[in-house]
Amino acid sequence: MNYKFPYQKVLEYKEKQQDLAEQEFGVVKQKQFELEQELEGLQTREQGIFDEYNEVHQKKVADILEIQAGIKHVHHIKRQLEHKTVEVHKELEDKQQVLLERSQEAKIWNKWKAKSRATFIKEMDQKEQAMLDEMAVIRYTRKI
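Residue 9 is where the sequence shown starts when you use our numbering, and the numbers rise one by one after that.
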């Protein structure tokens with residue numbers, strides 16, 4: 009007789025929820041990585057503008073004003089990216105918490121399934137042993 013876990017559908021649902029949480033966590037992690045890359049590129053760009061600004065003795069006023077506008081623009085974008093990074097970091101923590109909770113739920117259900125299966129097997133073994141004992145008693149009584 010095969011064992012069928014009575015709450016298999018619930019277990020499958022919990023495992024799907026865990027998979028979904030893992031995917032969402034991965035998406036947010038990727039978003040965080042992309043923001044970090046963008047921020048690094050912006051910092052490189054900012055450093056280039058500062059280097060250009062430091063060569064001010066060779067520049068005209070219009071060039072200096074253009075460089076200052078570029079610096080302002082880079083600072084504005086940098087602030088936006090830093091704000092986005094904070095939001096993504098918070099979202100990542102939230103998704104990580106959800107993933108942890110769903111993983112624990114799935115683990116609990118899997119343990120319950122394993123215990124339930126072990127109980128089933130033990131009961132089946134006991135029934136089988138009882139039948140074998142009964143058959144042995146019947147054979148013995150026929151011989152006498």
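A virtual CB, placed ideally from N, CA and C, is assigned to each residue, including glycine. The model shown is predicted, which means the values in this text are computed figures rather than measured ones.
If distances are taken between C-alpha atoms only, which option among the options comes closest to residue i?
{"i": "Gln16", "options": "Trp117, Asp133, Ile146 and Met143", "result": "Trp117"}
{"i": "Arg87", "options": "Glu54, Asp133, Ala114 and Glu60", "result": "Glu54"}
{"i": "Tyr61", "options": "Met139, Glu20 and Ile75", "result": "Ile75"}
By the three-class DSSP mapping on this structure, what secondary structure does residue i have?
{"i": "Asn10", "result": "coil"}
{"i": "Lys130", "result": "helix"}
{"i": "Ile152", "result": "coil"}
{"i": "Lys22", "result": "helix"}
{"i": "Tyr61", "result": "helix"}
{"i": "Lys86", "result": "helix"}
{"i": "Lys103", "result": "helix"}
Between residue i and residue j, which are expected to be in contact by the criterion C-beta below 8 Å, what is the C-beta distance as a whole number of angstroms?
{"i": "Ala29", "j": "Leu107", "result": "4 Å"}
Is there a C-beta anywhere in chain C that falls below 7 Å from the one on residue i?
{"i": "Leu43", "result": "Absence of chain C from the displayed structure is noted, only one protein chain being present."}
Can you say whether residue i is buried or exposed, counting buried as having 16 or more other CB atoms within 10 angstroms of its CB?
{"i": "Ala122", "result": "exposed"}
{"i": "Phe41", "result": "exposed"}
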